[in-house]
Structures are given as C-alpha cells and as structure tokens.
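With positions in the sequence shown counted from 1, the corresponding number in my numbering is that position plus 19.
From the three backbone atoms N, C-alpha and C, an ideal C-beta is built for every residue, glycine too.
Written out below as structure tokens is the structure these notes cover.
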Amino acid sequence: DDDDDDDDDEALDSNNRDDEMPDAAQDLRLFLTQRCIQSFMYLLATCTRDLHTVSWLDSFVKPIIINNYWEEDEDLKPGSEDSFLEGDKRLGSKLLNYHGLSALNTTMYPTWDSFFNELLEQPDTVLMIKTPAALGKRVYSEIDIDIEPARLCARIISVREQIAGEMAGDLKSIANMGQLIFNSYMKNTKERRDTKKKTTEGNGLGLVDDDEPKPLGFDHPSSMYMTFDPRDDTEFAPSPLRKGNFDLLYNLVTQAAVIKLLESEDGVVVGEDVVQNRASQLFLSKFYKDRLLTHFVGSQWYGKGDDFIEELMFGSPIMMSRNQDKDDDGSEEEGGIEESKISSTPPLEIEPMRIAEQVLLKRDKLALEWMEIMETAPSEHTDIRKSQLDRLTGVAKAEPAKVVLEEDFQ
C-alpha cells in the first residue's frame, strides 16, 4: 500500500510539473518544412500567378492558424491586400498570410518528411476552372490546371534546401548575438542615464524636451540583420520571405532556449546558491507563461524574440526573505525557523538581468547545435527524392488522376 501511495504521489508530482511546464517549441525540421511550403506558395502567387495551386496546397496542408491581431475578416488579414489583386482576395491563403510558428498539424504531419510522403501519395488532379456565367463570355472562359504532386514535391524540396543553407548561416550569426546584445545594452544604459539627467535639468529654460528620442534597451539585431548583397552578381538571390524566415527562426531558438532552462534540474544557474537558482527558474517560468501567447503562439509581429529578452532585462530585481521558501517537497520546515536564524540569513535576490544572460548563453549554444542540423538537411532528402522519382517514372503505383470542377475562381 505504501508503495502504491508513493507511486500515486510521483504521478501527481509529474502531472503538476507537466501543468507548470509550457508545451515544447516547434521541432526545427518541421519549422523548416513549414517555411519552405510558405515560400513556395509565395513564389506561385507572386511570380507565376498560379493562385489555384496555392489554394490546392492550402486545402491539402490544412494549417493550424491562430490569429492574434485581427478578426476573421479577409480585408483585415495582413498580406491579403499586398499579395493578391482586388479580384483575387477570395483566394488568399491562410498559410501564406501567416507569420508565426507551429502552423503544421502535427497529428497529420508528426515528422518533417510526413508532408512530402503524404503529398506523393496524392493522385494527379486536373482543376477545371470555369468563369461564372454572370461575368459574361471570355476568351479563356474554361481552363485546366494540372496538379502533379510529384513535380510539386521536387520544387518544394529545392526550396527547402536553399532555406536550410540560409538558416545555417543565420544560426551561426545568432550564436554571436548574445554578447552584442549585452554590449548594446550597456551602451544604451549610459545614454538613458544621460537622457534622464538632461530631462531633470531641462534645457536651461526650465523646460523639458519631450521630443528627445529615448534609446531602447538594446539595438534589436533581428530587425537589422541581412546577409544578401544585391550588388554582388555572383551571389544567389535570397529565398522569398527571407526576412520573415530569419525573424521566426530567431523567435523559435529564443523560445527553445527558455524551455531548456525551465526543464533543467539545476534551475537557472545564476550563482552557487541552489535556492536562488531554483527561485530564478520559477521566476522565468512565470515570466515566460505570461508572454507565451503574445510572443510565441499564433501570428506575431516582427521582433518578438528581441522584445522578450528586452522585457526580461528591464525587469526589476526582487528581494525576499528566505523564511518564505519551502523545502523541495513543497512543505515548510517542521517547527519553523528561529528568529535569530532569519535575521542572520541574507535575503534571497532574483535578478532578471542575470536570468536574461543565462537565456542568451543557452541560445548561443543551441544555435550552434541547430546550425549543424541545417547543414545536413539536404542529405536527409535522399529518400524523398527517390520516392519522388519512382512516382514520376511510374515505378510507384498511384491512384488514377481525378478531375475537380472549380466554378468559384475568376
């Protein structure tokens, strides 16, 4: 019975930990697949104006889209007015207009290659496009759009390889941004002090200049980063959605670094005091949960990764008495703590700045690990390319081609 009770307690503690811990960040390889699909859809929509294939891909992927900043109104969705002409807004893709993480349904696509394997199993499709009779007779009132999954697979894989190479370079740069952020923060701190002094003294006439720009916590590298030189004719052109890819990768590696610190058994190691490290971990856990929806979940504005670090740096230190702490099992010490011991024990201090430092150090290390994954990504496409070639040559059996009548497109 005692053993059963112990097992129940361990299960309860495990459940409590699961409730405290946030969901895992999106898998890096799945994220790469998501962004290569979105980039390919952008190429179709802007370069070839093949909006029908974009719509077919959108219905095939069945993305999970969370809109944080606009209502379910197509006219308000960012990108719809820029990506398509006025008459094509009805074709606006949910996935194409989405700037966020975890858009792929992990139930349908649990691994990075699930999308490609599922795509190669789809039959060839002919979309019969008919112009509505109300619009009158046109020269091209009826057209056929061929959807060949094997050819789509080859083109999307090529985009994935290019983006993987770009992300390998991005991650190498991100691994060096932690120290740059701290250097920028220290510089801006001095400027903030000078601004405060000038504001206090006024401009000599007893007035304060409200138009004086105040520096940020640090210069946000995610908004200034660019590796492509348009004047270099020998370089390949960047992939579409290049800036968005970097911003989301920056956001993802920041989130993953935070989660790894929260899962660490040693806590957030800011010093030799075990209690302080554990308290810092609990502080980071609450700080992260309070900003999960506004910084990491759903469609996001640019620069959220830097915003998270900056808000953490600006956090005020917290002082608390150690007699408020509890043992690891969650219960207070039996008999309490003597007053003399309380008075002689130094207070517990939680410093958000030191926690931010640990997040950046963890992110730098994680970025180098992810860089190696991105460098080997093209070699992982061998099986997919073989299946794609089998499908094209007829070695792999496929369902008969089907015809779909579409009367909703203009």
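Q | Beta carbon of asparagine 195 nearer than 9 Å to that of phenylalanine 237 | A | As a working mapping, residue 195 is identified with position 176 in the sequence shown. As a working mapping, residue 237 is identified with position 218 in the sequence shown. No, the pair does not count as a contact, with Cβ atoms beyond the cut-off.
Q) Given that a residue counts as buried once 16 or more other Cβ atoms are within 10 Å of its Cβ, and exposed if not, what is cysteine 172? A) For the purposes of this step, residue 172 is taken as the residue at position 153 of the sequence shown. Buried.
Q. Leaving out the 5 sequence neighbours to the left and right, which residues in its chain are closer than 7 Å to isoleucine 175 when beta-carbon positions are compared?
A. The sequence position of residue 175 within the sequence shown is 156, counting from 1. Hits under 7 Å: Cys55, Ile56, Phe59.
Q: Quick one: measure Cβ to Cβ for histidine 239 and leucine 146, integer angstroms, because I've assumed they're closer than 8 Å.
A: As a first step, residue 239 is located in the sequence shown; it is residue number 220 there, counting from the start. As a first step, residue 146 is located in the sequence shown; it is residue number 127 there, counting from the start. So it is not a contact: roughly 44 Å between Cβ atoms.
Q) At which residues does the beta strand (DSSP E) containing methionine 339 begin and terminate? A) Indexing the sequence shown from 1 puts residue 339 at position 320. Here the beta strand (DSSP E) through methionine 339 covers 337-339.
Q: Return the first residue and the last residue of the alpha helix (DSSP H) that lysine 191 is part of.
A: If you number the sequence shown from 1, residue 191 lands on position 172. Note, lysine 191: alpha helix (DSSP H), 168-193.
**Q.** aspartate 77 and serine 112 closer than 9 Å at C-beta
**A.** Translated into the one-based positions of the sequence shown, residue 77 becomes position 58. Translated into the one-based positions of the sequence shown, residue 112 becomes position 93. Closer than 9 Å, so yes.
Q | C-alpha distance - methionine 40 paired with valine 378, whole-angstrom precision | A | Position 21 of the sequence shown holds residue 40. Position 359 of the sequence shown holds residue 378. In this prediction, methionine 40 scores a pLDDT of 38, lower than 50, which makes its location untrustworthy; no coordinate-derived value is stated.
Q: Determine the contact status of glutamate 370 and alanine 183, defining contact as a CB-CB distance below 9 Å.
A: Within the sequence shown, the letter at position 351 stands for residue 370. Within the sequence shown, the letter at position 164 stands for residue 183. No, the pair does not count as a contact, with Cβ atoms beyond the cut-off.
Q: Pick out whichever of Ala298, Phe327, Lys323 has its Cα sitting closest to the Cα of methionine 338.
A: Working through the sequence shown from its first residue, we reach residue 338 at position 319. Cα-wise, what sits closest to methionine 338 is Ala298.
Q. How many Å lie between serine 13 and leucine 385 at the Cα?
A. The displayed coordinates of the chain run from 20 to 429. Any statement about residue 13 would go beyond what the structure contains.
Q. Between leucine 331 and isoleucine 374, which are expected to be in contact by the criterion C-beta below 8 Å, what is the C-beta distance as a whole number of angstroms?
A. Reading the sequence shown from its first residue, position 312 is the one you call residue 331. Reading the sequence shown from its first residue, position 355 is the one you call residue 374. Indeed they touch by this definition, with Cβ atoms about 6 Å apart.
Q) What whole-angstrom Cβ distance do valine 80 and leucine 115 have, given they're in contact under 8 Å? A) Working through the sequence shown from its first residue, we reach residue 80 at position 61. Working through the sequence shown from its first residue, we reach residue 115 at position 96. Your pair valine 80 and leucine 115 does not check out as a contact, with CB atoms roughly 10 Å apart and the cut at 8 Å.
Q | Range of the contiguous beta strand (DSSP E) that encloses glutamine 367 | A | Reading the sequence shown from its first residue, position 348 is the one you call residue 367. At residue 367 the sequence reads leucine, which differs from the glutamine that was named. Per DSSP, leucine 367 belongs to the beta strand (DSSP E) from 367-369.
(Q) If distances are taken between C-alpha atoms only, which option among Glu210, Gln274, Asn296, Glu329 comes closest to glutamate 284? (A) Numbered from 1 along the sequence shown, position 265 holds the residue referred to as residue 284. Per the C-alpha coordinates, the member of Glu210, Gln274, Asn296, Glu329 positioned closest to glutamate 284 is Asn296.
Q | Three-way DSSP call (helix, strand, coil) for valine 378 in this model | A | To locate residue 378, count along the sequence shown from 1; it is residue 359. Note: valine 378 maps to helix in three-state DSSP.
Q | Backbone CA spacing between arginine 179 and isoleucine 162 [nearest angstrom] | A | Here residue 179 corresponds to residue number 160 of the sequence shown, with the count starting at 1. Here residue 162 corresponds to residue number 143 of the sequence shown, with the count starting at 1. Roughly 30 Å between the two C-alpha positions.
Q: Label threonine 52 either buried or exposed according to how many other C-beta atoms from any shown protein chain fall within 10 Å of its C-beta, with 16 as the threshold for buried.
A: Taking the first residue of the sequence shown as 1, we reach residue 52 at position 33. Counting the other Cβ atoms within 10 Å of the Cβ of threonine 52 gives 16 or more, which makes it buried.
Q: Please check the pair leucine 139 and serine 318, which I expect to be a contact at CB under 8 Å, by giving their CB distance rounded to whole angstroms.
A: For the purposes of this step, residue 139 is taken as the residue at position 120 of the sequence shown. For the purposes of this step, residue 318 is taken as the residue at position 299 of the sequence shown. About 30 Å; that fails the 8 Å criterion.
Q. Alpha carbon to alpha carbon, what distance is there between alanine 396 and phenylalanine 134?
A. By one-based count along the sequence shown, residue 134 stands at place 115. By one-based count along the sequence shown, residue 396 stands at place 377. Going from the Cα of phenylalanine 134 to the Cα of alanine 396 covers about 15 Å.
Q. For aspartate 46, does the three-state DSSP call read helix, strand or coil?
A. Taking the sequence shown and counting its residues from 1, one reaches residue 46 at position 27. In this structure, aspartate 46 counts as coil in the three-state DSSP scheme.
Q. Which residue comes first and which comes last in the beta strand (DSSP E) that contains threonine 144?
A. Indexing the sequence shown from 1 puts residue 144 at position 125. It spans 144-149 - the beta strand (DSSP E) in which threonine 144 sits, taken as one unbroken run.
Q: Please check the pair valine 287 and leucine 303, which I expect to be a contact at CB under 8 Å, by giving their CB distance rounded to whole angstroms.
A: Within the sequence shown, residue 287 is the residue found at index 268, counting from 1. Within the sequence shown, residue 303 is the residue found at index 284, counting from 1. With a beta-carbon spacing of about 6 Å, valine 287 and leucine 303 fall inside the 8 Å limit used to define contacts.
Q: Give the straight-line distance between the Cα atoms of tyrosine 269 and glycine 188, rounded to the nearest whole angstrom.
A: Within the sequence shown, numbered from 1, the residue matching residue 269 stands at position 250. Within the sequence shown, numbered from 1, the residue matching residue 188 stands at position 169. So the alpha carbons of these two residues sit roughly 12 Å apart.
Q. If you count every other CB in all the chains shown that lies within 10 Å of the CB of asparagine 264, and 16 or more means buried, which is it?
A. Residue mapping note: residue 264 aligns to position 245 of the sequence shown, counting from 1. Buried: at least 16 other Cβ atoms inside 10 Å.
Q.
Under 8 Å: does the beta carbon of glutamine 141 sit that close to some heavy atom of the ligand ZN?
A. Absence of the ligand ZN from the depicted structure is noted, as is the absence of any ligand whatsoever, leaving it without description.
(Q) Using C-beta distances below 7 Å, list every residue in its chain close to phenylalanine 327, excluding the 5 sequence neighbours before and after it, in chain order. (A) The residue given as residue 327 occupies position 308 in the sequence shown. Hits under 7 Å: Thr273, Arg310, His314.
(Q) Suppose contacts are defined by Cβ-Cβ distances below 9 Å. Is glycine 119 in contact with leucine 267 by that definition? (A) Counted from its first residue, the sequence shown places residue 119 at position 100. Counted from its first residue, the sequence shown places residue 267 at position 248. The answer is yes: Cβ separation under 9 Å.
Q: Quick one: using the 10 Å Cβ neighbour count with 16 as the cut-off for buried, is aspartate 402 buried or exposed?
A: Looking up residue 402 in the sequence shown gives position 383. With fewer than 16 Cβ atoms within 10 Å of its Cβ, aspartate 402 is classed as exposed.
**Q.** Rounded separation between arginine 410 and alanine 169 - CA only
**A.** Indexing the sequence shown from 1 puts residue 410 at position 391. Indexing the sequence shown from 1 puts residue 169 at position 150. Going from the Cα of arginine 410 to the Cα of alanine 169 covers about 6 Å.
**Q.** Distance between valine 293 and methionine 127 (C-alpha atoms, nearest Å)
**A.** On the sequence shown, residue 127 is found 108 positions in, with the first residue counted as 1. On the sequence shown, residue 293 is found 274 positions in, with the first residue counted as 1. The alpha-carbon atoms of methionine 127 and valine 293 are separated by roughly 43 Å.
Q. Among Pro142, Ile200, Ala275, which has the Cα closest to the Cα of tryptophan 389?
A. If you number the sequence shown from 1, residue 389 lands on position 370. Minimum Cα distance to tryptophan 389 is reached at Ala275.
Q) Expressed to the nearest angstrom, what Euclidean distance is found between the alpha-carbon atoms of glycine 290 and leucine 47? A) For the purposes of this step, residue 290 is taken as residue 271 along the sequence shown, with counting starting at 1. For the purposes of this step, residue 47 is taken as residue 28 along the sequence shown, with counting starting at 1. Spanning the alpha carbons of glycine 290 and leucine 47 requires a straight line of approximately 31 Å.
Q) Exposed or buried, what is valine 73 when buried is set at 16 or more other beta-carbons lying within 10 Å of its beta-carbon? A) Here the question's residue 73 lines up with position 54 in the sequence shown. Classification for valine 73: buried.
(Q) Please tell me whether glycine 197 and arginine 382 are closer than 9 Å, where the distance is taken between their beta carbons. (A) For the purposes of this step, residue 197 is taken as residue 178 along the sequence shown, with counting starting at 1. For the purposes of this step, residue 382 is taken as residue 363 along the sequence shown, with counting starting at 1. In contact: glycine 197 and arginine 382 (Cβ atoms closer than 9 Å).
Q: Over the uninterrupted alpha helix (DSSP H) stretch that includes glutamine 295, give me the two end residues.
A: Here residue 295 corresponds to residue number 276 of the sequence shown, with the count starting at 1. Where glutamine 295 is concerned, the enclosing alpha helix (DSSP H) stretches over 293-309.
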